[in-house]
Amino acid sequence: NTQLLTSFFTNPDGLCALNFLENVLVNIQQAELNLQRTWTIAVDLYRIITNLMKKLEQRLNDKYFGSKTC
Numbered sequence: 728n729t730q731l732l733t734s735f736f737t738n739p740d741g742l743c744a745l746n747f748l749e750n751v752l753v754n755i756q757q758a759e760l761n762l763q764r765t766w767t768i769a770v771d772l773y774r775i776i777t778n779l780m781k782k783l784e785q786r787l788n789d790k791y792f793g794s795k796t797c
């Protein structure tokens, strides 16, 4: 297991994947936290999901996945 982790963190592709996830997962986590609120109603669900989709689509269109990604 140690060798696997060492090879992942020393590999540029592994670091690239981590930077990508660090930047994208922030948006997903924020949407998840909004969905977990006890007072969320159906209108909020639509807004939360469409907002997440727009943010992810914008990153695709801008080709921005993090400043350090490959």
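In the working numbering, the protein residues as written are 728 to 797. Glycine included, C-beta positions come from ideal geometry on N, C-alpha and C.
At what residues does the alpha helix (DSSP H) containing residue i begin and finish?
i: N778; result: 769–789
i: Q730; result: 729–737
Using three-state DSSP, classify residue i as helix, strand or coil.
i: Q757; result: helix
So, are the CB atoms of residue i and residue j less than 7 Å apart?
i: F747; j: G741; result: no
Are three or more beta carbon pairs between the segment 777–788 and the segment 750–767 nearer than 8 Å?
-> Touching, per the Cβ criterion.
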